[in-house]
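Step one of this worksheet: look at the structure below.
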Amino acid sequence: MTITFKSETFRDDFTFRNSLYNIRRFPFPFDRDDYMYSVNMEPHVRGKADSVFENLVDVDEHYVAEMQDRAKVLKEDPLRCQALPHMMAAQWDVLELLMEHQAQDYPAHFTLTKDGDRWRWINRPMGIDDTFTFGDPSTLPYPPMEYITRQAQGDFCIVDQRDNNLWMDAGMVTTQADWSLDFDIGMNFMEWHGPVPLAHQIGIFDRALKFLLNLQQGKPTRRLNWTMTVNPRLDTSPENYHKWGPDRLTVTPENVGQKMHLRVELQSLWRLPRSNAILFVIRCYLISLEELVTVPKWARRLPRVLQSLPPEIIDYKGLTRNRPLMIDWLSKYDDGSPTSAGIHPD
Amino acid sequence: MLVQGIKSRPEYKGLEIDPHAKRHLFVLEGEGAKALTDQVEAKGKDFLARSEILYLAGGAAPKAYDAVMAALSPDIFWQAPTLQPMLFRLRACLEQARMGTRIYVAGTEGFIGQIMQVVLEYGVDFNSIHTEHRGSTARRVQCVHCKGITDDVTTSPFACTHCGLSLLVRDHYSRRLGAFQGVNIDAEEPGTAPQPEEMFP
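Read top to bottom, the protein sequences are chains A and B.
Quick note, the first sequence lines up with residues 1 to 346 if you use the UniProt record's numbering.
Quick note, the second sequence lines up with residues 1 to 201 if you use the UniProt record's numbering.
Set out below in structure tokens:
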């Protein structure tokens, strides 16, 4: 399949838009009309054609623009990409995994050829054609994780496993929902989830950790997470909060449909073969409310979900200021009819 | 007491003399001296002959804990005028340390954090180090925006001493940085920061 890549921005003039095709394949995260934290994990296997689950490493029309935005973030702040020294084997694992999936599922855009340890990687949308020695970092222009994650959509964390815990020991994080890799690197699973409200008390993280410690190679798992963002801004880092925070005051009843975006993370977790580490992919999808209400089922469900949220989640997701505006605007698309189960459009 | 329930914050379980250690290295600050003298009262003086004590009096100087500890006649008692020479001396000790050395750290949280950073650099297992919080609950805070660290923060919000932004002190601690996270409190509406409130006396 050949993708037509868009030329667009995620900052300043915010020209990002979804095509009609891309709206229909959006990973709408609510399978019912209300929401609470849960260990909502399922096997990361191929799903419906023309959905984001069609391939396990999804490449879409925003690929090139997202990679350009990532390069800009890294120029401003190189600490968004870091790896502790013991993570080199895991870095190569990640490079291999992402290259193999992209080349296998998008042959028109990516080609990987191997001659023993001598690998050639062609990335046509980005105009890259590199030959390197697998396992020898000096043959690549960047360390292996940075090299490949400058060419793959989503944030990436490599999590080491030891002492019956998981440790955030490497990552490329430029499209995050308000957490800092530079602050959290080196932390264990409970530590880096420390600021999340409610979920600790109801045992979510204990169960999730137990589950992930047993993750098997070749059987990746996934879950969806979500928040809302003003403007289609990928870099909502705490580092730059003083720059994007004021956006929250620009929302009015007239522009809420264009400005407010549902931000969904498709999180997938993969056991890596050499290092026994886990690759944690946090792929961010954005959709404006105006785009979202073109799917009637989602238009009915989203205002109901926003109504149902407990106060702690409203606060943690930064929705306090604009939730009433969103509910008002969305409610005119909700005729009160029942919605079908599951996340996909009817 | 420190605020409980911060998942990313280390637990300071208190000093407990390890009877099997061949050597004891104490790194103490201010009121942290009391953590040692309490152990002497509880366990007797035998371990002192195998002990090296590094002490930074800081704000507790008027209490003359240095004289109390020197009078205990440990193998080595050494006093630092400020933190920087303390860290320099600590590195020298760790270079020469042998198997069987037990490390004890006591004082304010910011002090413990900075000592731990050095000790961890030398490959010591985090869980093997005894720590005890004594003295002020002031926090060492890293500004997430400019990455500058401000010591002895007692209020929230406070003005970052590096970039000047008004920072909320989050209950989120990085052991690697030895610091809490500070995030701009009035980012959405600059100029609306609430008055600083004494939170960490």
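All C-beta atoms, glycine included, are put in the ideal place defined by N, C-alpha and C.
A quick note: this is a predicted structure, and the numbers were derived from the prediction, not measured.
- Beyond the five residues adjoining it in sequence on each side, V264/A comes within less than 7 Å, by CB distance, of P27, P29, L224, W226, Y285 in the same chain, given in chain order.
- Contacts with chain A at 8 Å (Cβ-Cβ) do not include A49/B.
- Taking 8 Å as the Cβ-Cβ cut-off, the segment 135-157 of chain B approaches chain A at Q142, V144, H145, K147, given in chain order.
- For R271/A, the CB contacts under 7 Å within the same chain, skipping 5 residues up- and downstream, are L215, Q216, Q217, I278 in chain order.
- Taken atom to atom, the span from the alpha-carbon of L98/A to that of Q91/A is near 11 Å.
- A71/A counts as exposed, since fewer than 16 other C-beta atoms from the protein chains shown sit within 10 angstroms of its C-beta.
- By alpha-carbon distance to P232/A, the top candidate from R301/A, T175/A, P43/A, T149/A is T175/A.
- In the DSSP annotation of this structure, the continuous segment of the beta strand (DSSP E) that includes K114/A starts and ends at 110-115.
- Annotation: G44/B to H193/A spans about 43 Å, alpha carbon to alpha carbon.
- Ranking D184/A, F132/A, V256/A by CA distance to the CA of K114/A puts F132/A first.
- In this structure, R134/B sits near K34/B, with a CB-CB distance shorter than 8 Å.
- N188/A sits in a strand when the DSSP states are folded into three classes.
- Contact of K34/B with chain A is not assigned, every C-beta pair being separated by 8 Å or more.
- Within chain B, K7, S8 have C-beta atoms less than 7 Å from the C-beta of E191/A, given in sequence order.
- P85/A sits in a helix when the DSSP states are folded into three classes.
- Against chain A, the CB of L165/B has a partner CB under 8 Å away; the residue lies at that interface.
- For M326/A, the secondary structure class from DSSP, reduced to helix, strand or coil, is helix.
- When the five nearest sequence neighbours on each side are left out, the beta carbons in the same chain lying within less than 7 Å of the beta carbon of L325/A are those of V251, P253, V256, in order along the chain.
- Between the segment 161-170 of chain B and the segment 129-147 of chain B, the count of Cβ pairs shorter than 8 Å is three or higher; the stretches touch.
- Under the three-state reduction of DSSP, Y12/B is assigned to coil, being neither helix nor strand.
- Annotated as proximal: I112/B and Y12/B, with beta-carbon spacing under 8 Å.
- Here R300/A has D334, T339 as same chain residues with Cβ atoms under 6 Å from its own Cβ, once five neighbours each way along the sequence are excluded.
- Less than 8 Å divides the Cβ of A170/A from the Cβ of A83/A.
- For I314/A, DSSP assigns no beta-bridge partner whatsoever.
- Inclusion of Y104/B and F47/B in the CB contact set at 8 Å is not warranted, their separation being larger than that value.
- Neighbourhood of E188/B in chain A, by CB distance below 8 Å: G245, P246, R248, L249, R321, in chain order.
- The three-state secondary structure of T174/A, taken from DSSP, is coil.
- Check the Cα spacing between M67/A and each of H86/A, E8/A, P85/A: the tightest is with E8/A.
- According to the DSSP secondary-structure assignment, I128/A is paired through a beta bridge with N123/A.
- In this structure N127/B is exposed. Its beta-carbon is surrounded by fewer than 16 other beta-carbon atoms within 10 angstroms.
- Ranked by how close their Cα comes to the Cα of A49/B, the residues M86/B, V153/B, S73/B have S73/B in first place.
- For E239/A, a Cβ of chain B is located within less than 8 Å of the residue's own Cβ.
- Using a Cβ-Cβ cut-off of 8 Å, V183/B counts as an interface residue toward chain A, since at least one Cβ of chain A sits closer than that to its own.
- Per DSSP, the beta bridge partners of F77/B are I53/B.
- Residues are counted here when their Cβ sits less than 9 Å from a Cβ of chain A; for the segment 168-179 of chain B these are R170, D171, H172, Y173, S174, R175, R176, L177, A179, given in chain order.
- 8 Å or more divides the Cβ of L266/A from the Cβ of V57/A.
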